[in-house]
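Contents: one structure, followed by commentary.
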Amino acid sequence: RCGITLLDTAPWYGHGTSEIVVGWALEDLLDVLKINRDDLCVNTKVGRYEADPKQQFDFSYEATISSTKRSLRRLRCGYIDVLQLHDAEFSPTLKVLLRETIPAMVECRSKGWCKSLGLTGYPLEVQYQIFQHSFDMYGSGIWDQSLTYGHFNLHDSSLVHRRVDSSCESFADFCHRKRMGLLAAAPLSMGLLTNYPPPDWHPANGKEVARACQQAAEICRQYDVDIATLALLFSFSHPILPCTILGMKNVDEVEK
Numbered sequence: 001r002c003g004i005t006l007l008d009t010a011p012w013y014g015h016g017t018s019e020i021v022v023g024w025a026l027e028d029l030l031d032v033l034k035i036n037r038d039d040l041c042v043n044t045k046v047g048r049y050e051a052d053p054k055q056q057f058d059f060s061y062e063a064t065i066s067s068t069k070r071s072l073r074r075l076r077c078g079y080i081d082v083l084q085l086h087d088a089e090f091s092p093t094l095k096v097l098l099r100e101t102i103p104a105m106v107e108c109r110s111k112g113w114c115k116s117l118g119l120t121g122y123p124l125e126v127q128y129q130i131f132q133h134s135f136d137m138y139g140s141g142i143w144d145q146s147l148t149y150g151h152f153n154l155h156d157s158s159l160v161h162r163r164v165d166s167s168c169e170s171f172a173d174f175c176h177r178k179r180m181g182l183l184a185a186a187p188l189s190m191g192l193l194t195n196y197p198p199p200d201w202h203p204a205n206g207k208e209v210a211r212a213c214q215q216a217a218e219i220c221r222q223y224d225v226d227i228a229t230l231a232l233l234f235s236f237s238h239p240i241l242p243c244t245i246l247g248m249k250n251v252d253e254v255e256k
């Protein structure tokens, strides 16, 4: 009803509960409301799992295969549209990704468990390096999508303006040239661009950027403008970024 057709989840989100809840919703949408499965895009991830730091990451071949099977059972939607490698910058080595995680993901795609493969993470340079090494080893068609977060918002537009390599263009231009979809997440900068103080865990807490965002929110209020709405409109403004990922915690936020 609100025009939202993409659901982005992961085993890491709620340590399994997010996928389970999304699965319940999908079962209702598909079986009761008779929504066409092809009209929905369901993304989930591999690589990051448990709250226990010792078990939080596992980029092995076996874990990738078993996690994908588990996600399919939880999501109850037949197949995953995009299987994403979650926060690849935390892998112990690039070799693990190239020799274990990525081949397992390719196998999942070949078996029909997912339609496409994506890469997620924060450092743009790390994603760029992984893409380049993957293309060298497996060919340019191995990846279909990139998801980044925190790099296209009111205080950081590095996704479209910063060069990721001295000899190349911006990361957004790189993805466009390689014909990969690009998702820009966290348009509110994980809570910075709202009328509330950032959460305790936010890495910007106590830093100048957090204070600047609060000052910007106050200026917006003086003109009867909601800074979160302004931030969202900004995130939708660039033609090279076709999709913005936004977290919403209740029905009211969805309808707003």
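In UniProt numbering, the protein residues as written are 1 to 256.
Even for Gly, the Cβ is constructed at its ideal location relative to N, Cα and C.
If you're wondering where the values come from, they're calculated on a predicted model, not measured in any experiment.
From residue i to residue j, what distance separates their C-alpha atoms?
| i | j | result |
| --- | --- | --- |
| L7 | Q215 | 33 Å |
| L40 | G3 | 11 Å |
| K111 | T68 | 11 Å |
| L192 | G14 | 22 Å |
| A51 | S116 | 27 Å |
| Q145 | D81 | 11 Å |
| A217 | E19 | 34 Å |
| C220 | Y49 | 39 Å |
| V126 | G16 | 26 Å |
| A184 | I245 | 6 Å |
| S66 | E100 | 13 Å |
| G206 | Y196 | 14 Å |
| R70 | L188 | 31 Å |
| Y128 | A186 | 19 Å |
| Y79 | R73 | 10 Å |
| A172 | L232 | 18 Å |
| G141 | L98 | 15 Å |
| E62 | L75 | 20 Å |
| L30 | R163 | 43 Å |
| C243 | I130 | 22 Å |
By the 10 Å Cβ neighbour count, where 16 or more other Cβ atoms means buried, how is residue i classified, buried or exposed?
| i | result |
| --- | --- |
| R37 | exposed |
| C168 | exposed |
| G118 | buried |
| R1 | exposed |
| G23 | buried |
| K45 | buried |
| L33 | exposed |
| G150 | buried |
| S166 | exposed |
If distances are taken between C-alpha atoms only, which option among the options comes closest to residue i?
| i | options | result |
| --- | --- | --- |
| S170 | L85, M137, R211, L124 | L124 |
| K178 | S134, A210, G206, E62 | S134 |
| A212 | L154, G247, H15 | L154 |
| T194 | S66, I227, N43 | I227 |
| D87 | S66, K34, T148, P239 | T148 |
| Q55 | A25, L98, V42, P11 | P11 |
| L182 | A210, R162, W143 | W143 |
| H238 | G206, Y196, V160 | V160 |
| F90 | Q222, S60, F152, Y196 | S60 |
| residue 261 | F236, L241, T229 | With the chain represented from 1 up to 256, any question about residue 261 goes unanswered, as that position is not in the structure. |
| M137 | H151, R163, L94, W113 | L94 |
| C114 | V106, G121, T120 | V106 |
| G121 | Q84, A104, D156 | Q84 |
| F57 | Q222, D31, P92 | P92 |
Give me whichever residues DSSP pairs with residue i in a beta bridge.
| i | result |
| --- | --- |
| Q84 | K45, G118 |
| F57 | R48 |
| D8 | N43 |
| C243 | L183 |
- Message: So within the segment 97–131, which uninterrupted beta strand (DSSP E) runs reach at least 3 residues, ignoring any that extend past its ends?
- Response: If only complete runs of 3 or more residues are kept, the segment 97–131 shows the beta strand (DSSP E) at 114–121, in order along the chain.
In chain order, which beta strand (DSSP E) runs of at least 3 residues are fully inside the segment 137–222?
145–149, 181–185
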